[in-house]
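Structure, as structure tokens:
Chains as they are written, first to last, in the numbering used here: chain D, 4 to 274; chain S, 268 to 427.
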């Protein structure tokens with residue numbers, strides 16, 4: 004399968020990229036690693052008139068320590084995160100999640116911002132950053148705004164981003180030294196998209212206890228007060244039922260198992 | 268059409284490509300490097316895996332135009348590579364291929380496993396191979412071949 008025809012530009016700066024996208028209207032799309040957009044182009048599910056290559060923009064590279072938060076450049080690859088590019092306990096957690104994304108050859112090019120913007124409900128970063136209550140820095144030629152990661156996905160491949168907006172960074176709390184995080188997913192083969200995702204994030208210092216039910220077919224379901232789920236398998240099942248899964252169905256059971264496994268993992272984890 | 272300059276197997280190439288042309292098509296159709304194989308053409312099967320700037324990548328979902336300024340190494344570009352030599356011998360010895368369609372991608376992935384994960388055991392090798400489909404061998408020979416190269420290299424480096 005071959006991609007349809009489109010034009011291509013590689014701007015030298017973020018400002019130039021944002022201006023080009025504003026001028027290109029709905030038919031212009033940003034391209035980063037291309038590991039989600041590439042297949043969509045080849046399958047002709049995406050038919051942009053113009054691709055704006057942002058993969059090598061210095062403004063999207065690397066990460067910054069901002070005190071209580073880590074500011075992750077949207078252009079960071081899954082492989083870089085897997086290899087420990089990000090510091091601290093949250094960096095180690097993100098490395099473990101990154102290791103489970105697709106295959107190394109894909110992780111070498113795929114970017115964290117690109118994966119979020121693509122918004123496959125079964126993708127790992129969509130659920131992970133919703134779980135961690137991350138804040139996305141989103142830019143366009145009109146300015147900058149913040150989108151909560153748990154409000155990004157509106158449906159399959161559909162986000163709160165407007166056509167001219169680009170995710171430029173992801174801010175995630177480092178948490179206290181007592182913070183714990185867990186993530187479990189079910190897929191039939193390593194690297195395939197998950198059939199179910201469960202995760203927990205608890206920090207006694209701030210009183211945060213969140214859970215996520217991911218790979219739902221739509222937006223990830225975030226439970227902001229998940230204390231009751233941590234110690235009760237029944238509460239995990241009830242949360243999955245409340246997320247709209249039909250009791251007894253394969254989907255309900257596999258999501259409940261992943262949520263329970265994540266709860267057990269959190270209880271047994273050390274910071 | 269866009270003019271791009273990239274290094275392919277050590278040679279600098281300047282070519283004109285349509286933006287929609289993926290890297291594998293450029294290599295096969297224009298540069299006549301047909302060792303890179305195309306299977307699924309949407310990033311799943313791994314047959315087209317090669318090296319871009321020193322790291323394995325899928326050439327079917329990488330647009331050639333994005334490789335302007337990059338170093339590309341295909342299966343034809345490892346003639347002088349000691350690890351690839353070991354892997355080719357091991358693939359023969361352990362019957363790690365039958366029809367050979369997946370082999371160029373397998374070799375690039377295998378080399379990455381050997382160099383990046385020198386302590387990889389069989390489960391880890393299998394996990395890392397999940398992105399390269401083989402419909403002939405059932406993977407046993409491939410896994411054994413990679414494990415044997417890791418074992419030889421570790422014994423040569425003084426028994427890690």
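Positions of the beta carbon are idealized from the N, C-alpha and C atoms, including for glycine.
Going by alpha carbons, who is nearest to residue i out of the options?
i, options, result
"residue 334 of chain S", "S:347, S:320, S:308", "S:320"
"residue 135 of chain D", "D:25, D:42, D:235, D:186", "D:186"
"residue 188 of chain D", "D:104, D:159, D:234", "D:104"
"residue 71 of chain D", "D:209, D:259, D:199, D:28", "D:209"
"residue 58 of chain D", "D:112, D:142, D:254, D:226", "D:112"
"residue 34 of chain D", "D:196, D:10, D:26", "D:10"
"residue 149 of chain D", "D:159, D:173, D:166", "D:173"
"residue 21 of chain D", "D:110, D:168, D:155", "D:168"
"residue 92 of chain D", "D:180, D:42, D:266, D:246", "D:180"
"residue 94 of chain D", "D:258, D:175, D:265", "D:175"
"residue 324 of chain S", "D:82, D:140, D:73, D:263", "D:82"
"residue 279 of chain S", "S:362, S:364, S:340", "S:340"
"residue 336 of chain S", "S:423, S:406, S:270", "S:270"
"residue 305 of chain S", "S:406, S:297, S:369, S:299", "S:369"
To the nearest angstrom, report how far apart residue i and residue j are at their CA atoms.
i, j, result
"residue 343 of chain S", "residue 248 of chain D", "51 Å"
"residue 67 of chain D", "residue 357 of chain S", "44 Å"
"residue 385 of chain S", "residue 31 of chain D", "43 Å"
"residue 64 of chain D", "residue 396 of chain S", "29 Å"
"residue 117 of chain D", "residue 182 of chain D", "28 Å"
"residue 145 of chain D", "residue 285 of chain S", "31 Å"
"residue 214 of chain D", "residue 62 of chain D", "32 Å"
"residue 199 of chain D", "residue 242 of chain D", "14 Å"
"residue 44 of chain D", "residue 288 of chain S", "11 Å"
"residue 223 of chain D", "residue 153 of chain D", "7 Å"
"residue 260 of chain D", "residue 191 of chain D", "15 Å"
"residue 13 of chain D", "residue 5 of chain D", "21 Å"
"residue 427 of chain S", "residue 383 of chain S", "Because residue 427 of chain S sits at a pLDDT of 48, beneath the cut-off of 50, its placement in the model cannot be relied upon, and the following sentence gives the value as read from the coordinates. Rounded to the nearest angstrom, the two C-alpha atoms are 15 Å apart."
"residue 160 of chain D", "residue 329 of chain S", "20 Å"
"residue 38 of chain D", "residue 256 of chain D", "30 Å"
"residue 276 of chain S", "residue 317 of chain S", "11 Å"
"residue 16 of chain D", "residue 360 of chain S", "51 Å"
"residue 207 of chain D", "residue 165 of chain D", "36 Å"
"residue 19 of chain D", "residue 156 of chain D", "27 Å"
"residue 25 of chain D", "residue 139 of chain D", "20 Å"
"residue 331 of chain S", "residue 46 of chain D", "17 Å"
"residue 267 of chain D", "residue 236 of chain D", "9 Å"
So if DSSP puts residue i in a beta bridge, which residue, or which two residues, is it bridged to?
i, result
"residue 280 of chain S", "S:273"
"residue 66 of chain D", "D:75"
"residue 289 of chain S", "S:330"
"residue 158 of chain D", "D:161"
"residue 186 of chain D", "D:202"
"residue 176 of chain D", "D:72"
"residue 216 of chain D", "D:201, D:224"
"residue 278 of chain D", "Limits of chain D in this structure are 4 at one end and 274 at the other, which puts residue 278 of chain D out of reach."
"residue 141 of chain D", "D:148, D:170"
"residue 131 of chain D", "BP columns for residue 131 of chain D are empty, so no partner."
"residue 319 of chain S", "S:322, S:339"
"residue 329 of chain D", "Lying outside 4 to 274, the shown extent of chain D, residue 329 of chain D is not represented and no answer is given."
"residue 211 of chain D", "D:206"
Applying a beta-carbon distance threshold of less than 8 Å, which residues of chain B neighbour residue i?
i, result
"residue 405 of chain S", "No chain B appears in the structure shown, which is made up of the protein chains D and S."
One question on the structure: do residue i and residue j come within less than 8 Å of each other, judged by their Cβ atoms?
i, j, result
"residue 120 of chain D", "residue 170 of chain D", "yes"
"residue 327 of chain S", "residue 372 of chain S", "no"
"residue 23 of chain D", "residue 55 of chain D", "yes"
"residue 307 of chain S", "residue 366 of chain S", "no"
"residue 217 of chain D", "residue 197 of chain D", "yes"
"residue 162 of chain D", "residue 122 of chain D", "yes"
"residue 133 of chain D", "residue 313 of chain S", "no"
"residue 389 of chain S", "residue 419 of chain S", "no"
"residue 219 of chain D", "residue 124 of chain D", "yes"
"residue 178 of chain D", "residue 265 of chain D", "no"
"residue 302 of chain S", "residue 41 of chain D", "no"
Spatial neighbours of residue i within its chain, please: CB distance less than 6 Å, with the 5 preceding and 5 following residues excluded, ordered by chain position.
i, result
"residue 272 of chain S", "281"
"residue 100 of chain D", "127, 131, 186"
"residue 230 of chain D", "212"
"residue 227 of chain D", "213"
"residue 362 of chain S", "408"
Closer than 7 Å by C-beta to residue i: which residues in its own chain qualify, once you throw out the five before and the five after it? Chain order, please.
i, result
"residue 413 of chain S", "377, 380, 381, 392"
"residue 269 of chain D", "183, 185, 203, 205, 233"
"residue 102 of chain D", "85"
"residue 254 of chain D", "248"
"residue 51 of chain D", "9, 30, 31, 32"
"residue 80 of chain D", "36, 110, 111, 112, 113, 114"
"residue 77 of chain D", "63, 114, 115, 116, 170, 171, 172, 173"
"residue 345 of chain S", "351"
Can you list, in chain order, the residues of its chain with a C-beta nearer than 8 Å to that of residue i? Leave out the 5 residues immediately preceding and following it.
i, result
"residue 416 of chain S", "350, 353, 354, 357, 377, 381"
"residue 348 of chain S", "378"
"residue 268 of chain S", "283, 284, 285"
Given 7 Å as the limit, tell me if residue i has its C-beta closer than that to any heavy atom belonging to the ligand NAD.
i, result
"residue 201 of chain D", "The ligand NAD is not part of the structure shown, which contains no ligands of any sort."
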